[in-house]
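One structure is given below, encoded as structure tokens.
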Amino acid sequence: MSRESSQDMEQTPERGHACEDAFCQDVHSRLHAFLDGECDSEERRFLEEHIHKCPQCLEEFGSEQAIRRLLRRCCQQPAPEDLRQRITTRIRVSYTRVEYRR
2 MSRESSQDME QTPERGHACE DAFCQDVHSR LHAFLDGECD SEERRFLEEH
52 IHKCPQCLEE FGSEQAIRRL LRRCCQQPAP EDLRQRITTR IRVSYTRVEY
102 RR
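Here it is as structure tokens:
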């Protein structure tokens with residue numbers, strides 16, 4: 002996370018404030034990365050602090066967690082057998098094209 006973003010994160014709204022500003026929209030846009038464990042420790046700490054202070058962001062966070070749990074529970078079908086082969090083939094073709102251009 003950039004230093005500017007870190008400074009913005011420190012200006013989180015207190016409980017009870019409306020969650021309509023650009024800061025909260027930015028938090029919402031980072032929830033997937035947060036839930037996927039893709040945030041560095043500093044960004045994770047700031048997001049956690051904001052989510053715990055802002056009821057609307059906490060609700061959005063809870064909704065995202067619930068959707069993920071539901072998808073894990075409902076989407077237990079294995080991928081088609083040929084999917085791995087198709088993906089591997091496309092990666093090889095793309096890699097070959099990149100090597101050819103060099």
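The sequence shown begins at 2 in the numbering used here and counts up one residue at a time. Glycine included, C-beta positions come from ideal geometry on N, C-alpha and C.
Work out the CA separation of residue j and residue i for me, nearest whole Å.
i: E15; j: L48; result: With a pLDDT of only 44 at E15, under 50, the local geometry of the prediction cannot be trusted, and the value read off the model is given with reservation. Straight-line Cα distance between these residues: approximately 14 Å.
i: K54; j: C25; result: 11 Å
i: S95; j: P56; result: 45 Å
i: R85; j: D22; result: 43 Å
i: L83; j: L36; result: The amino acid occupying residue 83 in the given sequence is Asp; Leu does not appear at that position. Cα-Cα distance, rounded: 30 Å.
i: L71; j: Q77; result: 11 Å
i: E65; j: C58; result: 11 Å
i: A34; j: P81; result: 27 Å
i: T108; j: E50; result: The structure shown has nothing for residue 108, since the chain only spans 2 to 103.
i: V28; j: A67; result: 18 Å
Need the endpoints of the alpha helix (DSSP H) that residue i sits in, please.
i: Q77; result: Here Q77 belongs to no alpha helix (DSSP H), and DSSP marks it neither H nor E.
i: E43; result: S42 to K54
i: D27; result: A23 to L36
Using 10 angstroms around the beta-carbon of residue i, count the other beta-carbons present and answer buried if the total reaches 16, otherwise exposed.
i: I88; result: exposed
i: I92; result: exposed
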